[in-house]
Structures are given as C-alpha cells and as structure tokens.
Amino acid sequence: MENREVKIHPVKYRTYVFVWMGLVILTGLTYTVAVGIHPAGWAIFVALAIAGTKSGLVLNYFMHLKSERLVIFKVIIPLVMAVFLVFILLTFSDVAFRGVVK
Amino acid sequence: MTSTGAMESIRPRISFYEDHGKYRGILSWILTLDHKRIGLLYFIFVMAFFFSGVVLGFFMRLQMLAPGTIMKPQTYNSLFTLHGIIMIFLVVIPAIPTIFGNFFLPIQIGARDVAFPRINLLSWWLYITGAIIVVISVFTGGGPPDTGWTFYAPYSLRTTVNVPLAVFGVFILGMSSILTGINLVTTTHRLRAPGMTWNRLPLFVWAIYSTSWVQILVTPVIGITLILIIMERFFGVGVFDPAKGGDPILYQHMFWIYSHPATYIMILPAMGVISDVVPVFARKRIFGYMAIAISGVAIAAVGSLVWGHHMFVSGQSDFADILFSLLTFLVAIPSAIKVFNWVATLYKGSIVIEPPLLFCLAFIFLFSIGGLTGLIQGALAPNMHLHDTYWIPGHFHYIIFGGMGFGLFAAFHYWFPKMFGRMYNRKMAMRAWAVMLVGFNIFYFSMLLLGWEGMPRRYYDYLPQFRSLHLTATFGSWILIAGLILMFANLFRGLFKGEKAEDNPWGGATLEWQIPSPPPTENFEKIPGIRHGPHDFKELENNG
Amino acid sequence: MALMILRSLKIMDEAKEAVFEEARDYTGAKLGMWLFILSELLLFGGMFILYSGYRYKNPADFHHASRELEVVLGTLNTIILLTSSLSVATSIAAIQKGQRKLSMVLLMATMALGLLFLANKGFEWGTKIEHGIYPNSPTLLARSKGEILFFGLYYVMTGLHGLHVLVGVCVFSVMLILIAKGTLNQMRFVPLENAGLYWHLVDIIWIFLYPLFYLIT
Chain R
1 MENREVKIHP
11 VKYRTYVFVW
21 MGLVILTGLT
31 YTVAVGIHPA
41 GWAIFVALAI
51 AGTKSGLVLN
61 YFMHLKSERL
71 VIFKVIIPLV
81 MAVFLVFILL
91 TFSDVAFRGV
101 VK
Chain F
1001 MTSTGAMESI
1011 RPRISFYEDH
1021 GKYRGILSWI
1031 LTLDHKRIGL
1041 LYFIFVMAFF
1051 FSGVVLGFFM
1061 RLQMLAPGTI
1071 MKPQTYNSLF
1081 TLHGIIMIFL
1091 VVIPAIPTIF
1101 GNFFLPIQIG
1111 ARDVAFPRIN
1121 LLSWWLYITG
1131 AIIVVISVFT
1141 GGGPPDTGWT
1151 FYAPYSLRTT
1161 VNVPLAVFGV
1171 FILGMSSILT
1181 GINLVTTTHR
1191 LRAPGMTWNR
1201 LPLFVWAIYS
1211 TSWVQILVTP
1221 VIGITLILII
1231 MERFFGVGVF
1241 DPAKGGDPIL
1251 YQHMFWIYSH
1261 PATYIMILPA
1271 MGVISDVVPV
1281 FARKRIFGYM
1291 AIAISGVAIA
1301 AVGSLVWGHH
1311 MFVSGQSDFA
1321 DILFSLLTFL
1331 VAIPSAIKVF
1341 NWVATLYKGS
1351 IVIEPPLLFC
1361 LAFIFLFSIG
1371 GLTGLIQGAL
1381 APNMHLHDTY
1391 WIPGHFHYII
1401 FGGMGFGLFA
1411 AFHYWFPKMF
1421 GRMYNRKMAM
1431 RAWAVMLVGF
1441 NIFYFSMLLL
1451 GWEGMPRRYY
1461 DYLPQFRSLH
1471 LTATFGSWIL
1481 IAGLILMFAN
1491 LFRGLFKGEK
1501 AEDNPWGGAT
1511 LEWQIPSPPP
1521 TENFEKIPGI
1531 RHGPHDFKEL
1541 ENNG
Chain Z
2001 MALMILRSLK
2011 IMDEAKEAVF
2021 EEARDYTGAK
2031 LGMWLFILSE
2041 LLLFGGMFIL
2051 YSGYRYKNPA
2061 DFHHASRELE
2071 VVLGTLNTII
2081 LLTSSLSVAT
2091 SIAAIQKGQR
2101 KLSMVLLMAT
2111 MALGLLFLAN
2121 KGFEWGTKIE
2131 HGIYPNSPTL
2141 LARSKGEILF
2151 FGLYYVMTGL
2161 HGLHVLVGVC
2171 VFSVMLILIA
2181 KGTLNQMRFV
2191 PLENAGLYWH
2201 LVDIIWIFLY
2211 PLFYLIT
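Set out below in structure tokens:
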C-alpha cells in the first residue's frame, strides 16, 4: 500500500455543539408533535421525517459524510435507503393487498 | 505487459508456498494473512463439504431409485435438509468468491493483498466455526433439522429437532460472507494499480465486486430472520407464530429477501469466470465489455426485487404475485445479454479447445436451460402446477450445478496451473467433462419431466407411475458422480505428478498470467502500471 | 458563563491541524467501516420491515400497547444517546488536535452515558417484567394479538440495540487503553474514528426506535 499525505482538518468543537442542540430541539419537536397530530394517520410520516432529519445531522456532521469527497461515500447512504425502501414497498404489495382479488 | 515506474523491489522470488512468514507448519496456514493461502484454505474445506453434500445426494437418490423405502421418512427429511444447508451455505455461496476471489482479485487489480488481511483470516475462521456448529447440530439436540434448508415457520418453530443450533451456524456463516464482501469491495476501490481504471478491470473482478455488494446488503436480512427463529424457540417472542398474531408469510418474505439474491451471489462469480475464460480461448476480446460489466450490476440490482416468486402459492396477495412475476421476467434480460455476448465472442474467434473452455461451453448450455425453465416457472399459471414438484429442483440444479458448478470447475481448470505450478492431464479432464455432462443431463432433465408430470418434491416415496423417470434420474446421478470422481482424481494427480506449468500456459492477458506460477507472496516484484484492458492479446503476442 | 465556554472552545479549536503520513490507507479503513455500518442498518432494517407490516395490520393494538411504555424514560434515553454522540465526536476531534487528556475524558463520558442508557433500559424492562409483560408470559398471551406482537418486537429490537450499545462501550474501553498507552494519537486515530462511526450508527437506530415504539399516536 502506498504512502500518502493527508491533511486532516479537525472539525471545530462548536460545530458539534450546535448540531447537538439541533438534535435535542428536534427530539423535543417529535415529542410535542406526536401528541398533537391530526389525523393520526399522518403522524408516522411526520415522525419519520423528523427522525430522518436527525439522522441526516448525525450522518453529515458527527460522521463527517458531508466532508467526504469520494463518490462512493456520497452513494452509500442513498443506496441503503433505496434498498430498504424497495424491500418495504414490495413486502407491502403483499401485506396491504391480501384479500383483494385482482 | 510491461511494468512501469514507482514502487520498491521486493525480495527474490520464492513461491508463496515456501514463504511461510512468522509461523511454521500448520500454523503458517491457519494463521496466515496471505490472501492466496486463505483462498486455498477455503478451497480445501469448501471441497470437503461439497463431497459430503454429494454423498447426501447419493443417498437421497438411492432412496428414490425405486418405490418403497430403505430409510425412515424422518431420515429422508433430514437428508434433503442437510444436503441443502451444506450445499448452499457451505459450498455454493462461498466457493468462487472465497477461493478464487480471494486468490485472484488482488492479483488481477495489481495489488499485493486484500484491503483487510486480518479480517480475511477472520472470515475464514467464522466459516469454519459456522460449519462446525452446523455439523454439531446433526448429532445433538434431537437430531438434524428436517425443515428443508428454508426453515419455514411455523414448522421450524415447533419441530423438536435441533433447528436453533443449525440456524445459528448459518448465522455465523452469514457473518463470514458479509466480511468477505466488505473486504473485496474495499480492495477493489482502494488497491487498484496505477492505470487500472474501472473499464480496464477483468470482468471477473466486476463480477466479484457486484457479488460482494449483494453479500453486504442482503445477508443481514437472513441474519436477523434466523435470530428471530432462535428467539421464538427459546423465548416465545411470537413474531412468526400465528397463535400469537405472527404471519408465516412474513417469514417467507424475510427469508427470500436474502435467499433469492443469494442465488445471484452464487451465479455472478461463475459468470465472471466465463467472461474471463472465453476470450482467452477465442483469442479475441470480449464482445461488449461494458454490457457484461453493467449487466452484472443489473442482475444484482433487479435480482433483489424478485423474491416473491418463491411464494406464488403461499397466500400472498394477487397483486404481489403479479408484481413479482413481472420483475422476474425483467431479470432474465441482463442474463440473456451475457449469454449473447459470450457466444458473440466465440463467433469468428480462433477457438482453442481446452478443458477451461469446455466447462464454459457446458455452462452456457446448462445455464440457458436453467434460465428458460426459470421463466416458465416465473409465470403465474404454470407455477401453480409446478411449485413444490420436481420441476423446481430440476430448474435450480441446472442453474446452480450446471451453472455455478461448471463455472467453478472451469475456474479450477483455468487457474490450476497458476495456483499450483503444475498442469493436469488435459485429455483426462476433457473425458471427465464429457461423462459429467452426459450424467448431468440424464439426471436433471428427468427431474424436469418428473415435475411436469406432477411428482412432488421432498417426498420420500412415490406412486408407481413415476418409477421409470426416477430410475433414469438415479442412474444419471451415478454417471455424474463417476464423472466428478474422474475429474477430481485427475486434478489431484496433477497436483502431485503433473508437469511443471509455465507462467502463462493459456496466453491470458490479465495480470495473474504475467507473474510466476505459483506466485510469490508479494504477487508482484514491482506494482505494474496498467496501459490496456484485460483482453489485449495482440500486445501480449507482440511482446513474445 | 456561556460566553466563557464558547471562548475556551475557540482556544482549543486553534490547536494545530494534524498532518500525517498514511502508513496504511486511512480512507480504506473508513470505507470498510462504512460498509459494515450498511450491513448493520439492514440487520435492523429487517426488523423494521416486520414492524411496519405488523403495525399496519394492528394499528389500534400498537397504539394501545405503546401507551404502556415510559415515554419520559424513552425521551431521556434519546437525549442521553445524542449527548454521547456529541462526546465521542468531540473526543475524536480532541485527539486529532493532539489533546490526549481531553480526548480520554470525553471518551469516558461517552462510555458513562452508554452505561446510563443501559441502566435505564434495564429499569424499563424490569418494570415491565414485574407487571408480567414479557415474551410468552401468561399476562401477555391473554392480550390481543397486536399487543403480543408489539411487545415481542419491543423486546427483540431494544434488546438487540442494547447489545450493540454494550459492545460499543466495550470497544471504547479498548480504545481508551490504546489512547492512554499512546498507540492511538494525533498521527494515528482511525480505530477511534471507526469506533465513533459505530457508535453514531447505534444512535441513529435509536433515533428511529424512539418514535416508533414510544410515540405511537
């Protein structure tokens, strides 16, 4: 394997603190919204949206995905999301349509 | 193939066999970090399990030779369960990636080893651990599993045999598979030699790369499913148990979300072998390099969307039936592209008849039959009739054994001289091939006919109307086994008594043929700079 | 007070950047870890698929069962884990700036928070078990199918998650020793960074588990 020189720019501490504050606020939001959403059917999508946002913050800032340059790092999270989405949707093509005769 | 600038020169060339590193004797093998030694360790054990799987199959066919029975029904259930578990999880899924992927992927990209050599060793140890656990499950806790390798709930939750241990063994094997996938993807991304761009990679590397992605992404799903079976049996969790609200069909979804893509983990590497070997023996570059590379990725992707075709009669919704059937038809397209491209490569090539090519030709023929029968059963109406009959094992043995198996044997015969520095008897190899091909078709085509006639699978006995086809099938299986014995005996003999092989007996243009047979530990004296693709035979011939 | 904290953070920020030679492939090591993370996401993903199917089929039962969980504890645990992610991220930044002692303190804080999380979880489980709600218990089996499924999924998913937290704490203890010995330092810290990635994964999984189990309206 080759030797390469890599400049590491450590992230500023305050960036992490701000992200953490955002996460705590979003947690509070998800809690208050959960009790307040009508109709209840939409609640899960709102909850997932907030959870997704929180995860995005963790992925991009705590896990440094935002500062990764190589294409592969930009691809992997969308890839796993797509895979998971497809698995759920196709499973639901069964679960949600039982007893419906085509 | 010239090497250009950069990189240190390594110590004088001794083969990796002689260079044992820190340890002596057996420790220098089981504690090795050399990808080539690890590949050979897998070789030994994968073959050992293949032989045990064949023996189990032999007894299954003996039972089915004539109506009546020579064993208890429970024994037969365990035989086909174990045959499936061993063949699928211990042989077919690991074989090509762990043996030839490990041995040759680093060399083919111009690297000295994989990205994570210690993880590579760990993968092998996990494989051995999983295998031992599966073997132990045969002799303990109520006896070997009798559920079929598919472990369907709720039967797998209730049967008193040793399901938990067997299932746990498979879980460990899954971990091994995931780690191998991680290693090979990272290796391909990070360790390519200068100038080895993605469009100059051997197609075998493309195939292993696609396979590794599937291993990483879908194996965890069966991992969690197996854990849930264990949780249900020990703690009564209820996730698949109808008495507690669980849905056995959801079990099937979770199981097949892995196990269908697993069939692509099995076949893609074999297709990679074919794509590497055919051009060498046609002395011509592959027809449609990019099409083959991308079709491998497409097969991996679309193949992960079709799992419901194992469940057409399970009770899933009609809508899902239709959707999965449609997707199944789509996945045939990239496979057909590959077959077309291989044949187009041979067309107007300078064909050299050697054992590796013969196994490739057999692959193309047998895989095509397997693929076409797959389309027939992928259509809803025929599936109603064919599901759970002998048609299904007929189909998948054409694909797995005729496809992956013959691809594996092609790889043996192609890379044998490189790995061992010796050549086997080529005439004998071709004779063994012929015997196998004849036996194979008599055996498995009879199965297709049996299924068409309505013979159910996993039955230990049958009605008299099926007797002649069963007799024929068993007879074919004996011819096939004879061919296997001839083939392995020939290779084994070549290992010890074969002539010393040259560095490049076949005139291949990929990197492994530019280094000694067998290779030195560090693979290359200098890391080569790459200036052309994997099929540039002309330049090779110009350099003499 | 807040101003003082911010000012001291700024001073620490201005520690020298680390420039080092990659004796091994730093990016490759990270890539390997990320691929492992993908596999873990799908391991839990499998359970989320089951959860979604069963919740779809039993919406009222899931809602009813969810209200029996301690929302306050769940929310507290969420904050604990988010804070532990902060502490490990800053621990890595510290070691990159050569601030070894700070890095170790932050790492120990992360471990403490992890253990606190587990203690809370244990307490939650304990109260449920005391009330007779656990897999295969007569009390649970007497309830509706949807509720049995809810609690089955609850125990398995939070249990598997808790196991991952425990493993993370153990890995961090090894990292702590390596930092103390100087094996991990400003020039070589990728094992800690990878351990951090693992921990953030565990945090992300909980970010989804929390609303799906505790906040079903």
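Protein chains in written order, with my numbering: chain R, 1 to 102; chain F, 1001 to 1544; chain Z, 2001 to 2217. Positions of the beta carbon are idealized from the N, C-alpha and C atoms, including for glycine.
**OP:** Identify each residue in the stretch 2194-2205 of chain Z for which the Cβ-Cβ distance to at least one residue of chain R is less than 7 angstroms, and report them in chain order.
**Re:** L2197, H2200, D2203 and I2204
Subject >> Rounded separation between F:E1512 and F:G1101 - CA only >> reply: 12 angstroms
Original post:
Within 7 angstroms (strictly less), CB to CB, does F:M1254 reach chain Z?
Top reply: By this cut-off, F:M1254 is an interface position.
Subject >> Test: Z:M2175 CB closer than 7 angstroms to a CB of chain F >> reply: no
**OP:** Please report how far the alpha carbon of Z:I2216 lies from the alpha carbon of Z:Y2154, in whole angstroms.
**Re:** 13 angstroms
**OP:** Please name the residues in the stretch 1118-1131 of chain F whose beta-carbon is closer than 7 angstroms to at least one beta-carbon of chain Z, in chain order.
**Re:** none
Original post:
Are the CB atoms of F:H1309 and F:G1378 nearer to each other than 7 angstroms?
Top reply: A distance below 7 angstroms separates the beta carbons of F:H1309 and F:G1378.
Original post:
Any heavy atom of the ligand ATP closer than 6 angstroms to the CB of Z:H2131?
Top reply: With respect to the ligand ATP, the structure offers nothing, as it holds no ligand at all.
Subject >> Distance, F:M1404 Cα to F:L1228 Cα >> reply: 30 angstroms
Original post:
According to the neighbour-count rule (16 or more other Cβ atoms, all chains shown, within 10 Å of its Cβ), is F:I1299 buried or exposed?
Top reply: buried
Subject >> Distance, F:V1343 Cα to F:R1422 Cα >> reply: 30 angstroms
Original post:
Hey, quick one: how far does the alpha helix (DSSP H) through Z:L2069 stretch, first residue to last?
Top reply: First-last for Z:L2069: undefined, no H or E at that position.
Subject >> Buried/exposed call for F:P1534, threshold 16 Cβ in 10 Å >> reply: Counting the other Cβ atoms within 10 Å of the Cβ of F:P1534 gives 16 or more, which makes it buried.
Original post:
Thinking C-beta only, is Z:F2123 closer than 7 angstroms to Z:V2165?
Top reply: no
Subject >> F:I1216: first and last residue of the uninterrupted alpha helix (DSSP H) it sits in >> reply: L1203 to F1235
Original post:
I think F:I1132 touches F:G1174, with their Cβ atoms under 8 angstroms apart; what is that distance to the nearest whole Å?
Top reply: Contact flag wrong, Cβ pair sits at about 15 angstroms.
**OP:** Indicate whether at least one CB of chain Z lies closer than 7 angstroms to the CB of R:F45.
**Re:** no
Subject >> Contacting positions in the stretch 12-38 of chain R - beta carbon closer than 8 angstroms to chain Z >> reply: Within the stretch 12-38 of chain R, the qualifying residues are K12, Y13, R14, Y16, V17, V19, W20, L23, V24, T27, T30, Y31, A34, V35 and I37.
**OP:** Please list the partners that R:F73 has in chain F, where partner means a Cβ-to-Cβ separation under 7 angstroms.
**Re:** Near R:F73 there are no residues of chain F at all, since even the closest Cβ is about 10 angstroms away, more than 7 angstroms.
Original post:
From what residue to what residue does the alpha helix (DSSP H) around Z:K2030 run?
Top reply: Y2026 to K2057
**OP:** Starting from the C-beta of R:V83, find all residues in its chain whose C-beta is less than 7 angstroms away, skip the five residues before and the five after it, and write them out in chain order.
**Re:** Closer than 7 angstroms at Cβ, skipping near neighbours: no residue.
Original post:
What three-state label does DSSP hand F:R1431 in the structure shown?
Top reply: helix
**OP:** Taking only the alpha-carbon atoms, compute the straight-line gap between R:L57 and R:L26 and give it to the nearest angstrom.
**Re:** 11 angstroms
Original post:
Is it buried or exposed for Z:K2219, if we count other Cβ within 10 angstroms and need 16 for buried?
Top reply: The structure shown does not extend to residue 2219 of chain Z, since chain Z spans only 2001 to 2217, so no value can be given for it.
**OP:** Check whether the Cβ of Z:W2125 lies closer than 7 angstroms to any Cβ atom in chain A.
**Re:** Among the protein chains in the structure shown, which are R, F and Z, there is no chain A.
**OP:** Within 10 angstroms of the Cβ of Z:I2011, are there 16 or more other Cβ atoms? Answer buried if so, exposed if not.
**Re:** Its pLDDT being 45, under 50, Z:I2011 is placed unreliably by the model, and the measurement read from it follows with that caveat. Classification for Z:I2011: exposed.
Subject >> For F:E1499, the residue or residues it bridges with in DSSP >> reply: F:M1423
Original post:
Does the beta-carbon of F:K1500 have 16 or more other beta-carbons within 10 angstroms, so that it is buried, or is it exposed?
Top reply: In summary, F:K1500 is exposed, with fewer than 16 beta-carbon neighbours lying within 10 Å of its beta-carbon over all protein chains present.
Subject >> Below-7 angstroms beta-carbon distance, Z:K2145 vs any chain F residue >> reply: At least one chain F Cβ lies under 7 angstroms of Z:K2145.
Original post:
Does F:V1170 get closer than 7 angstroms to chain Z when you measure Cβ to Cβ?
Top reply: no
Subject >> Nearest candidate by alpha-carbon position, reference F:Y1076, set F:L1121, F:P1145, F:S1052 and F:I1128 >> reply: Of F:L1121, F:P1145, F:S1052 and F:I1128, the smallest CA-CA separation from F:Y1076 is found for F:P1145.
Original post:
Comparing alpha-carbon positions, which option in Z:A2180, Z:M2157 and Z:F2151 lies nearest F:K1547?
Top reply: Here chain F has residues from 1001 to 1544 only, and residue 1547 of chain F is not among them.
**OP:** Pull up the distance between the alpha-carbon of F:Y1462 and that of F:L1469, whole angstroms please.
**Re:** 11 angstroms
Subject >> N- and C-terminal bounds of the alpha helix (DSSP H) containing F:R1158 >> reply: For F:R1158, the enclosing alpha helix (DSSP H) has its first and last residue at Y1155 to R1158.
Original post:
Where does F:P1528 sit, in a helix, a strand or coil, going by DSSP?
Top reply: coil
Original post:
Considering only residues of the same chain and omitting the five flanking positions on each side of F:S1078, which have a CB-CB separation below 6 angstroms?
Top reply: P1144 and D1146
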